[in-house]
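Inspection log for the structure reproduced underneath, given as structure tokens.
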Amino acid sequence: MKASLNATQRAARLLGFIPWVAEQESVLLDDIVSRFDYPRHQLIADLMVLSSEDAFVDDDLSDTFTNVVSIDWLPENDRVSISCPKWLSDPMRLNGDEAARLMAVGQASLSVDGEPGSQSLLLRALTKLQLMLNDKKRGLNTRSEYFEYARNPYKRSASESAEEDFDFTIKISLKGAAKTILEDLRQAITECKRIEIEYYSYARDHFSVRTIDPLKVFYGRGAWYCGGWCHIANNERLFRVDRIRSLKVTDVTVATDHSEWPTQVLDPARIFDTERHQKSVTLRLDREVWWAVEQLPLQKRRELDDGRLEVDLVVSELPWLARLLLQLGPHVGLITEDPCMASLCSTTAESILKLYR
Amino acid sequence: MNKHQQKLKRLLNLTTTLLESRTPLTAKQLRERLADEAYSSDKSDTAFRRTFERDKKDLISMGVPIEVRKHAYSELPVDHYYIDQSVYAERDLRFTSGELSALLLAARQVRLPGATKAFLKTGIPDHQELKSTGVAEGSTPYEQTEAGLVVDLPFNDTVSTLASCAARRKAIRYRYRKADGSTSSREVEPWQISFKEGRWYMVGWDRHRRHERNFRIDRIRHPIVEIGGFTSPVGQTAGIQAMKPWEFGSGEPVEVKIWVDAELAGWASQKSGTSGCLQADDSLILKLRVRNRPALRTFVLSMLEHAKILEPQWIKDELVAWLEFFVVDRPSQVDVTEE
């Protein structure tokens, strides 16, 4: 819940809740507060300014809003009622940008899983969003009309009509981890079971067996992660699900109260925060390989006069850095005083070359 | 009334005045009609214009569909403002309470920039429906909780613009940056937008190259200019193909055979999207169709000494030469710290 809103945010909420309140006899003030995230003290102050009584006292013909929208707020029972013309009592239309964002949300949710029942409702909502995005004439009543109208013209066969074949403008795929591993993880979390995993650390190029109390599975930065308590590290850790080679759900039931934990492993936005970045290195990249650092957590980024890009990069483990340098080859320069780092590439390249000799 | 409430009232008055008016209005006419202190004749024209432009921008950011029309009464055309009632309100495509609940449930699982703002317009489900979604009494329906959040999805104005163009079948022109940093102008009929493996892509018909193409959206540069409509697809396939980085490019693909040891066999199979041929020692032989050799090299080297190229010999030789570059004396690659 926000502590306070500026005038624009409040205007958006007011225009949003007018149709909702208008279609009911009256609503509780606190329902508007919670449902529309409108701070109570601001809502009361705004209703006092906009309520019909004040407007009548002002008797100001230039005050179009209060002339056409009648807001009644009764402090005795904390209820609000609104009457307004038809053109303000219908919900506002979503524009293309808003429809696109909601469609992406719905598609992502479909890609995760979803109960079969709610999927059908979600598909219907997505179909309406597709029509809004198409920005064509409206006036369709039945569900079959929606699907018929919004049918993607690129569909191979006009006879296909199943909902799942419907082609939306926005598609989301959140694959990238073995389905069985994801399902086992979710089951373990639901049943509060400890798991044992065989895990490949990409950064260290090393396999280990871990015992974990899993807490949450989520998708962020292009991969599925599992956050939980690692009994080997005796600390909270994040694991990329696609690097779990095998998983066994044990019979051990774990405590469900994790309120004492730091929660940073549970937020997808903090994925990079929780990795153990111990070293910082400076790289100089030719223009053709600038792409390589686009999605890496950079501390600094400078474009040099000679057309190269200099970046300070946080590195958790040396094998990870070796891999990056080998991939970029002559297009990258490593600036270091550390002789161990300076020989990193040659020793790693040597060990790979042995495979070819 | 404090100055924030004055602004609130002014924004609401502007909206209702433009909605109520049967004809488009100029800024001057709006100034006369709205007896607002910030619009009063005591203020200079410049001060009024500044406030008006800011108000207009705020209303547009709220999703209020203000249209601008130019009418020439004298030599200079004058901007006239208008809100079409049929564009402002949704009459036909209203979500049912159940559909809204399904969308709200999705929004509580998925964090996407700017999505929750749309819920101010769609309204909210009735009490019974809301209860069935598990939204706690007294909480904002679309508010995400840490426990409920499952997906963090990036989204920006470029993705939104391209989705809108694809849905409305508008051809577009833009500059596209290739992996090597060079840029070129493209004219494309966009078909579909897709999120895969952490990135947004667009598939469409490239008019210059006369071929279907996949584009990484983070490499599409603004401005994106609409250059007219298109009516039917030219390409052979619909939807974004699940292409791997080494499959992008033109020309005939080369089949490359790669060996992966038992430790990374499962990982490599998942990353390459092929099951490969499992060997008796649990190692794996992958066969990939390759157009982009640098991308293949990146994939193979990502597995360090767990993988090697078996065939063809010339691609294998290329990789060996690439690696030998690192083991000969090469002072230029490591710039030992300079002043």
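These protein sequences, in sequence, are chains A and B.
Per my numbering, the first sequence runs over residues 76 to 432.
Per my numbering, the second sequence runs over residues -7 to 331.
Beta carbons: idealized from backbone N, C-alpha and C, even for Gly.
Fair warning: this is a prediction, and the values are worked out from it, not measured in the lab.
Tell me which same chain residues have a C-beta within less than 8 angstroms of the C-beta of residue i, skipping the five on either side of it?
i      : result
A/E100 : S156
B/H214 : T150 and Y166
B/F44  : A19, L22, R23 and Y31
B/R41  : A19
A/Q117 : S79, L80 and R85
A/A513 : Lying before the first or after the last residue shown, residue 513 of chain A is absent from chain A, which here runs from 76 to 432.
Determine whether the beta carbon atoms of residue i and residue j lie at a separation below 9 angstroms.
i      : j       : result
A/R168 : B/E82   : yes
B/K113 : A/P160  : no
A/K250 : B/K236  : no
A/T328 : A/K268  : yes
A/L428 : A/L419  : no
A/V368 : A/R376  : yes
A/D105 : A/D153  : yes
A/A263 : A/V324  : yes
A/L430 : B/E316  : no
B/S275 : A/D172  : no
A/V124 : B/Q(-3) : yes
B/V252 : B/G265  : no
Near residue i, what residues of its chain come up, given a Cβ to Cβ distance below 7 angstroms and the 5 sequence neighbours on each side ignored?
i      : result
A/L197 : G181, S184, L185 and G189
B/C157 : I164, P182 and E218
B/G55  : K113
A/T422 : none
B/R289 : L311 and W314
B/R281 : E239, P245 and E247
A/R261 : V292
B/D47  : R2, L3 and L6
B/A254 : D273, D274 and S275
A/A397 : L419, C420 and T423
A/E239 : Residue confidence for A/E239 is low, a pLDDT of 39 falling below 50, so the modelled location carries little weight and cannot support an answer.
A/I270 : A263, I287, P289, L322, K323, V324 and T325
So does residue i have its beta carbon nearer than 8 angstroms to some heavy atom of the ligand ATP?
i      : result
B/G243 : The ligand ATP is absent from the structure shown, which contains no ligands of any kind.
Throw me the rounded Cβ distance for the residue i and residue j pair, which I believe falls under 8 angstroms.
i      : j      : result
B/R283 : B/W238 : 7 angstroms
B/L256 : B/A313 : Going by Cβ atoms, the distance from B/L256 to B/A313 rounds to 24 angstroms, so no, they are not a contact pair.
A/G303 : A/D288 : 5 angstroms
B/T9   : B/L26  : 7 angstroms
A/Y294 : A/W395 : Rounded, the Cβ-Cβ distance is 22 angstroms, inconsistent with contact.
A/T411 : A/D387 : About 12 angstroms; that fails the 8 angstroms criterion.
B/L85  : A/L208 : Not really, about 11 angstroms apart at Cβ, beyond 8 angstroms.
B/I75  : B/L0   : Between B/L0 and B/I75 the Cβ distance is about 18 angstroms, and since that is not below 8 angstroms, they are no contact.
A/I93  : A/L163 : 6 angstroms
Looking only at its chain, what residues have a beta carbon closer than 6 angstroms to the beta carbon of residue i, apart from the 5 residues adjacent to it on each side?
i      : result
B/S242 : none
A/L204 : A174, L177 and M178
A/G382 : R362
B/R2   : D28
B/R205 : D198
Out of curiosity, what's the CA-to-CA distance linking residue i and residue j?
i      : j      : result
A/R218 : A/R199 : Because A/R218 carries a pLDDT of 49, less than 50, the predicted location of this residue cannot be relied on, and the following value inherits that uncertainty. Their backbone Cα atoms lie some 8 angstroms apart in a straight line.
B/K20  : B/S78  : 25 angstroms
B/G190 : A/S248 : 9 angstroms
A/S391 : B/W306 : 35 angstroms
B/F98  : B/Y193 : What sits at residue 98 of chain B in the sequence shown is Ala, not Phe. Roughly 22 angstroms between the two C-alpha positions.
B/L63  : B/T7   : Note on identity: in this sequence residue 63 of chain B is His, with Leu being the wrong assignment. Between B/H63 and B/T7, the C-alpha separation is close to 21 angstroms.
B/I58  : A/V96  : 24 angstroms
A/D210 : A/G91  : 21 angstroms
A/R88  : A/Y113 : 7 angstroms
B/R211 : A/L371 : 16 angstroms
A/A82  : B/R178 : 42 angstroms
B/F147 : B/L104 : 6 angstroms
B/A287 : B/M295 : 13 angstroms
A/E258 : A/T265 : 11 angstroms
B/G221 : B/R161 : 6 angstroms
B/D71  : B/P16  : 9 angstroms
B/R201 : B/F207 : 13 angstroms
A/V187 : B/R100 : 13 angstroms
A/L373 : A/S355 : 9 angstroms
A/L103 : B/G115 : 16 angstroms
A/I119 : A/I107 : 11 angstroms
A/W366 : B/G173 : 8 angstroms
B/R61  : B/P69  : 9 angstroms
For a cutoff of 9 angstroms on Cβ pairs, would you count residue i as touching chain E?
i      : result
A/K250 : Judged by its chain identifiers, the structure shown contains no chain E, and its protein chains are A and B.
The segment 301 to 309 of chain A touching the segment 355 to 371 of chain A, judged by at least three CB pairs closer than 8 angstroms: no
Any 3 or more C-beta pairs closer than 8 angstroms across the segment 139 to 153 of chain A and the segment 102 to 118 of chain B: no
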